Structures are given as C-alpha cells and as structure tokens.
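Structure first, commentary second.
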Amino acid sequence: METLFLKLNQIIKEYDSFIIMGHKDPDLDSLGSSLGLCEIIESFGKKAYVFLNDKHLENYNSNINQAFDKMEKDVVCVNERSYKKVSGKTLLIVTDVHIQDRLEYPKLVDIYDTIVLDHHIKSKNYIKNTKFLYIDTNLSSMSELITFYAEYVNIDLDNVIATILLAGIEIDTNGFNLKTTSNTYEAASTLMEMGADSILKQELLKESKEEYMKRASFIRNSFIVKDNIAMCIVTGITNSKELAEIAEELLTFEEIEASFAIGKLDEETIGVSARSLGDLDVSNIMKQMGGGGHNSNAATQIKDKTLKEVKQEIIDLLN
Ligand SMILES: [Mn+2]
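Numbering-wise (the working numbering), the sequence shown opens with residue 46 and increments by one.
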C-alpha cells in the first residue's frame, strides 16, 4: 500500500482544493472514508470539502447528525450549489464507488480532474479519463484503506471520524464476517487506538425497529431452493442495500451456505443479491444473468422480466 500512499501524497501536492465524494445514498463507509480523507488532506495544509446533497443530510438517521455535531474537527460540506465557491486548482476524489451514475453528484466528474478510489468489483462502466483510478477488491471497505493512509501520514484522526470509519468497516463486512482479513482487524485496532468510541459506534449502527421487522417478514417467507441454498423474494419496491442485507442475514442461519435475495428495484428492473460462504461460486450464476461479483458476494440487475421468471432462472442455473 505504500506505493499507493506515496502516489496519493504526490497528487495531493499538485492541487489547492479537494472535493471528496462518495456514492448516492451514502453509507457509513462512503461517509467515513470521505471524512477521513478530508482530515488527511487538511494535514497537508490544503482545503478539503465533503460533497453531500442536502437531502441526504436530512435523511440521515439522527445519530449521524448527532455525530456531526460531536465532531471536533470542522468539516466543510459542499452541495450542488455551493461547490462552485471552491476556489483554486481543484481535484475531485471519488471514494467507495467508481461508476459515474452512482455518484452523489455525477456532473462533477466532467468539471474537475478526478481520481477514483474504490473496493468494489470493477464494472465496465468505470469512470474514464481519470487522473488516477485505484480499485482493490481485497479491501474490506474504503474505511480500511483510509485508516491505513491516516496512519501512513501519521495523523491521529478525530475521535468521531475514527468511530464512523470503524462503523463503516463493520457495515461493509457485516460485523467482521464478509471480506475480513487480518488487515481489517488491524485497521479496527488502529481506529480504537485513535479514539473510536464503541458506544457511539453502536448508536451509529442502529436501525429502526420498523426496518428490522420489515426485513424479518421477508426472511420469514424465505425458502430453500436446493440443498443449503436459501432464497428470499422481496415484495413491493426495494433497493440494492436491502437485498444485500437480506442475503447476508440468510447466511447467518444454520445450514445455509448460499443465499439469493430478489426484488424489484423499480417497475422495469429486478435486482438480485447473492451471497455464499464460499463453496458455491455465486458470481458464476450472477455472471450468467448479466451481473458480476466475487465467489462469495455477487449481484445482478435484470430488465423486463418478472420476479417469477428471475426466480426460475436462478433455480435452473443452480441445477
Ligand atoms: Mn464500501
């Protein structure tokens, strides 16, 4: 990672100001890595801004807003109007995403020099014409990378930012289960040493009882399609995050070795999230359905098919 950090240091020195942007519907990994980068860049004596659409700040659960209040470090956020006030030679840093459409505000890629840092499997639609693109799928999360970067530049992150990063790792690994390596634990340990607070972390990771009950009702109706493979059909309109959570949760049950969660993302699109403990290569099935991923973590999106047809397609592929 040292080569990467040296490269990033070098790039940072070339610019005056930085706008850091994660993905739409930001999660704690996207937010934590943005805030961590902000602190790292400011340690170079440069100006850094985190891009967040106002509507997202309002939608954040109140715990995140509380965390923002507790932050000792003054993080300046910019939105779709105020970014224009950022002055000097400016670089856009994209974190936790590499597809332009999925950015919090895609247009900025066409305006500023851009670098991309991500840990998701590389899509054909990655952002082209970047100054630098770094995708490492061995990382549990962007929080893991940014923690090591902070350590490398020898700064002690703000306690609240360290806490958000720790929560980001926990979210992306589903509680240190998925994609977890010794580096992941090392990053977590570093964050604790920097002052991450495990009570605040629990607060940040809370979900509403309604959300939990809704997911539980889908899980209750899940069924075994073959051997130790579970499937869950989500009714109504859902989103990729909920599908991923359901597929991950199914894996925590006895005897379940692989899982598929299927649901409508909008009227024309069906999303599938697939997880496996490793024996069944779910990416193989998702690839045959136009998607991609890893052995143990894969997904796809399908247009103009019914839930029933998608369900059958998966069953046929499993046989
Ligand atoms: Mn992430």
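Just so it is clear, CB atoms sit at the ideal spot from N, CA and C, and this is done for glycine as well.
In this text, all values refer to a predicted model and were calculated from it rather than measured experimentally.
Residue-chain proximity (residue i, chain C), Cβ-Cβ < 8 Å
i   : result
L73 : Considering every chain present, this structure includes no chain C. It has just one protein chain.
Any non-hydrogen atom of ligand 1 within 7 Å of residue i CB
i    : result
H164 : yes
M237 : no
D141 : yes
D74  : yes
D70  : no
D203 : no
K217 : Note that residue 217 corresponds to Asp in the displayed sequence, not to Lys. Yes; taking the cut-off as 7 Å, the Cβ of D217 has a heavy atom of ligand 1 nearer than that.
Coarse secondary structure for residue i, derived from DSSP in three states
i    : result
N329 : helix
N170 : coil
N342 : strand
F50  : helix
D141 : coil
M239 : coil
G81  : helix
D361 : helix
S185 : coil
V270 : strand
I315 : strand
K356 : helix
D70  : coil
I347 : strand
T192 : helix
R320 : strand
Residue i beta carbon near ligand 3 (any heavy atom closer than 7 Å)
i    : result
S186 : No copy of ligand 3 occurs in the structure displayed; its ligands are ligand 1 alone.
Own chain, CB closer than 8 Å to residue i, minus 5 neighbours either side, in chain order
i   : result
E59 : K134 and L136
Close-in-space but distant-in-sequence residues of the same chain around residue i (CB under 6 Å, 5 per side omitted)
i    : result
L97  : C122
L322 : E302
A212 : L73, K246, L249 and L250
CB of residue i within 8 Å of CB of residue j, strictly
i    : j    : result
S318 : A275 : no
L178 : H143 : yes
F221 : T208 : no
I65  : Y94  : yes
E84  : K118 : yes
I291 : R265 : no
I278 : G316 : no
D163 : I180 : yes
S304 : L295 : yes
I191 : S78  : yes
D155 : N204 : no
L153 : S188 : no
S88  : V198 : yes
Residue i - containing beta strand (DSSP E), residue span
i    : result
Y60  : No beta strand (DSSP E) holds Y60; DSSP gives it neither H nor E.
I216 : It is not in any beta strand (DSSP E) - I216 instead sits in the alpha helix (DSSP H) that spans N204 to D217.
V95  : K92 to F96
S304 : A303 to K309
F177 : F177 to I180
I160 : D158 to D163
Contact set for residue i: own chain, Cβ-Cβ below 7 Å, skip 5 residues either direction
i    : result
S328 : G337, G338, H339, N340 and A343
H68  : S75, D141, V142, R147, L148 and E149
F263 : C277, V279 and I291
M46  : F193
K348 : E313 and T314
Limits of the alpha helix (DSSP H) - the one that residue i falls within
i    : result
R265 : K254 to R265
K286 : S285 to L295
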